[in-house]
Amino acid sequence: MKKLFIVALAAFAMASCDRTDVVPTPEMGNDAIGFTTSTVNGSRATVTTDNLKTFFVQAIHNDTDHFMKFVRVDRQNNEDGSTSWIYNPVQYWPNSGTVDFYAMGAPLYNSTSESSYTTATFSLDLENNEPSVNTGKKSAVAKLQMYDSNKDGLYRAYTDYTYAVAMGESKKDEKVQLFFRHMMSQMAFQFKNTNEKLKVYVEDIRIENLINGGSYALPAKTTAKDDATARGGWYFEQAPFENSAIEKVTFDADINATSEEWIEVPGDGTLIPYTDVMATKQGETMFEDGIMNLIPHTVTPWDKENDPTNENDGVRFLLKVKYMNEDTCIWPRLEEGQTGADAGTDWVAVPFKFSKSGNTMKEGVRYIVTFVFGEGGGSDPDTGEDILKPIDFEVLVEEYVLDTEDPEGYPVVM
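Position one of the sequence shown corresponds to residue 27 (the working numbering), numbered consecutively onward.
1) Where does A85 land, buried or exposed, given buried means 16+ other C-beta within 10 angstroms?
2) Using alpha carbons as the reference points, say which of T74, F397 and E331 lies closest to V347.
3) Return the chain-ordered list of same chain residues with a C-beta closer than 6 Å to the C-beta of Y227, the five sequence neighbours on each side being excluded.
4) Can you name the start and end residues of the alpha helix (DSSP H) that V303 belongs to?
5) Under three-state DSSP, which class holds F277?
6) Helix, strand or coil: which one does DSSP assign to T188?
7) In terms of residue numbering, what span does the beta strand (DSSP E) encompassing L180 cover?
8) Tell me the DSSP secondary structure of K348 in three-state form.
9) Would you mind reading off the limits of the beta strand (DSSP E) that contains F127?
10) Do G131 and L180 have their CB atoms nearer than 8 Å?
11) Assuming A243 is part of the beta strand (DSSP E), what are its boundary residues?
12) Please return the same chain residues whose Cβ sits closer than 7 Å to the Cβ of E411, not counting the five positions on each side in sequence.
13) Less than 8 Å between the C-beta atoms of H208 and T185, yes or no?
14) Looking at the structure shown, is D412 part of a helix, part of a strand, or coil, going by DSSP?
15) Under three-state DSSP, which class holds D199?
16) Enumerate in chain order the residues of its own chain whose CB-to-CB distance from T62 is below 6 Å, with the five nearest sequence positions on each side excluded.
17) Please determine, among V83, Y242 and L170, the residue with the shortest C-alpha to C-alpha distance to F93.
18) Just the Cα atoms here: how many angstroms apart are T296 and K223?
19) Quick one, which of F96, S383, W328 and E229 has its alpha-carbon nearest A375's?
20) Looking at the secondary structure, which residues open and close the beta strand (DSSP E) in which N219 lies?
21) In chain order, what residues of the same chain have a beta carbon less than 6 Å from the beta carbon of V125, not counting five sequence neighbours either side?
22) By Cβ distance, which residues of its chain are closer than 6 Å to N282, with the 5 residues on each side in sequence left out?
23) Are three or more beta carbon pairs between the segment 264-273 and the segment 209-222 nearer than 8 Å?
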């Protein structure tokens, strides 16, 4: 029988139990297991050593005894400025053998919104039945699946999920060091306009045809700051959960613009950095934090030249914009009787490009995408036709025709 321990992380708001310590035994000893954590630096939208509040631990002794099963560990800020990590019931070190620890950091925010919600689990497969990058070790697996709550076809980005592994630990006085790595990719956007005659306004950004779920196998190797090889891997061969499916969906970014207030991109080449573009208001959910957290995977960008209507579901950016040339509205196309001042915004499409190194998003990497307006302005999402077409001229001059009535010249008497 497959022994798979799964607990849904949901909103990570588990009720605390009354403190009931495990009674030490001769096999387990009298030394309590403690933890200390660290992670890489990041922005407010990113889990860091300073803002990680909770993580969950799975631990197995001698590769057989799964004695810590999804134990919640919480940060405690002490009066002297130090930090402690507490959990109950307290677990004790075995007197012999080694312990492997697998941890998953809780996201900073609630993972639900009006448009979408995420189901996440963290499990330990004792019989290696899960697909895994691990070899000869038990498999710790995190599974994520995002769902469309209101069936409008729009998804909001994930929160920042992290993991840590400490292998082969044995009884000791020191705390178990857990170095957390990011299992997601991040993406942020900025703007530049190099055409002083072009006025650009941006209302929204979306990414079309990214996947909505996957499973992450933690490495069977200790994660350490000085060892970049200790990483797990995503796999998508099967859906994370029963009655679910990995699908291509549209993610909506959270930028500092509304239907009433757009971001204006001046034509003097000034860069509007992502710190100004991405929403930065403090909220209670990760969807209000701007930076997009996405599942890393290999994508096939939209082939605009050979598949202008995107029948093959290539990945592409969608920007809701308005283009003006002085008082003339270039995009969107105006209805009869409309003026440039009356026009709103409409969508343009751009092939998905985010890195010089190819089409595979990598975990723990933040990609900064700069949209440069000027000579081009994207394409019509429905037809693939370029939006900003320069006015070119093809010139023909009618040739002179010889007067055939007087081929030798008309005589004029002086």
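Every residue gets a Cβ at the ideal spot worked out from N, C-alpha and C, and that includes glycine. Note that this is a predicted model, so its numbers are computed, not measured.
Considering the structure as presented:
1) On the sequence shown, position 59 is the one that residue 85 refers to. Answer is buried; the Cβ neighbour count reaches 16.
2) For the purposes of this step, residue 347 is identified with residue 321 of the sequence shown, where counting begins at 1. With distances taken between Cα atoms, V347 lies closest to F397.
3) Your numbering for residue 227 matches position 201 in the sequence shown. Correct list, in chain order: W288, E290 and K348.
4) The residue you call residue 303 lines up with position 277 of the sequence shown. Counting along the chain, the alpha helix (DSSP H) containing V303 begins and ends at Y300 to V303.
5) Numbered from 1 along the sequence shown, position 251 holds the residue referred to as residue 277. Strand at F277.
6) What you label residue 188 is simply residue 162 of the sequence shown in a count that begins at 1. Here T188 sits in strand by DSSP.
7) Indexing the sequence shown from 1 puts residue 180 at position 154. Element bounds for L180: L180 to R182.
8) As a first step, residue 348 is located in the sequence shown; it is residue number 322 there, counting from the start. Residue state, collapsed to three classes: strand.
9) As a position in the sequence shown, residue 127 is number 101, starting the count at 1. Where F127 is concerned, the enclosing beta strand (DSSP E) stretches over V125 to G131.
10) Locating residue 131 in the sequence shown gives position 105, counting from the first residue. Locating residue 180 in the sequence shown gives position 154, counting from the first residue. No, these two residues do not count as a Cβ contact at 8 Å.
11) Along the sequence shown, read from residue 1 onward, the residue named residue 243 stands at position 217. Counting along the chain, the beta strand (DSSP E) containing A243 begins and ends at G239 to A243.
12) Residue numbering aside, residue 411 sits at position 385 when the sequence shown is read from its first letter. If we look at E411 and ignore the five residues flanking it on each side, its Cβ neighbours are S405.
13) Counting from 1 along the sequence shown, the entry for residue 208 is found at position 182. Counting from 1 along the sequence shown, the entry for residue 185 is found at position 159. Not closer than 8 Å, so no.
14) One-based indexing of the sequence shown puts residue 412 at position 386. It is a strand residue.
15) Taking the sequence shown and counting its residues from 1, one reaches residue 199 at position 173. D199 falls in the coil class under three-state DSSP.
16) One-based indexing of the sequence shown puts residue 62 at position 36. So the qualifying residues of the chain are K201 and Q203.
17) Looking up residue 93 in the sequence shown gives position 67. Of the candidates V83, Y242 and L170, the one whose C-alpha sits nearest the C-alpha of F93 is V83.
18) Within the sequence shown, the letter at position 270 stands for residue 296. Within the sequence shown, the letter at position 197 stands for residue 223. Computed Cα separation, rounded: 14 Å.
19) For the purposes of this step, residue 375 is taken as residue 349 along the sequence shown, with counting starting at 1. Measuring from the Cα of A375, the nearest candidate turns out to be W328.
20) Translated into positions along the sequence shown, residue 219 becomes position 193. Looking at the DSSP string, the run of the beta strand (DSSP E) that includes N219 is S211 to N219.
21) If you number the sequence shown from 1, residue 125 lands on position 99. A85, H87 and E195.
22) Within the sequence shown, numbered from 1, the residue matching residue 282 stands at position 256. Answer for N282: A305, listed in chain order.
23) no
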